[in-house]
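Numbering (my numbering), first residue to last: 48 to 160.
To start, the structure under review is shown below, and the notes come after it.
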């Protein structure tokens, strides 16, 4: 039985996995934001119901820097209700854990240049 040799290009594999993780984080956060907006509106996207409390004229784009890279958030803008996400803080440009890690590195004397 012949032996099959498999080789991996480490940097390419890391880059591909990093992009996969970044995209998954982006999709998950955007899904959670849409779900929060549906709960505020008491109706899903394009759902017609008498219980609806808000209508969504659209979304606005915001960037968020995470450990896995920069993600583009599509934040809902409901008309008739105030949207304050519990998933992502307003005007937050960097994930909290990334900011905390940077502070810990500075306090430990690690060069950040």
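Where a beta carbon is used, it is the ideal one built from N, C-alpha and C, also for glycine.
Owing to the predicted nature of the structure, the values given are computational and were not obtained by experimental measurement.
Is it the case that the Cβ atoms of residue 121 and residue 83 are separated by a distance below 7 angstroms? no
Check whether the Cβ atoms of residue 134 and residue 79 lie closer than 7 angstroms to each other. yes
Out of curiosity, what's the CA-to-CA distance linking residue 114 and residue 124? 26 angstroms
So, at 6 angstroms on beta carbons, what are the nonlocal neighbours of residue 59 in its own chain, with the 5 sequence-adjacent residues on each side left out? none
For residue 105, which of helix, strand or coil comes out of DSSP? coil
If you measure from the CB of residue 76, is any heavy atom of the ligand GTP nearer than 6 angstroms? Only the bare structure without any ligand can be found here, which leaves the ligand GTP out of the picture.
Nearest-angstrom Cα separation, counted from residue 62 out to residue 108: 25 angstroms
By the three-class DSSP mapping on this structure, what secondary structure does residue 117 have? strand
Where does residue 66 land, buried or exposed, given buried means 16+ other C-beta within 10 angstroms? exposed
Assign residue 118 to buried or exposed, taking buried as 16 or more other Cβ atoms, counted over all protein chains shown, within 10 Å of its Cβ. buried
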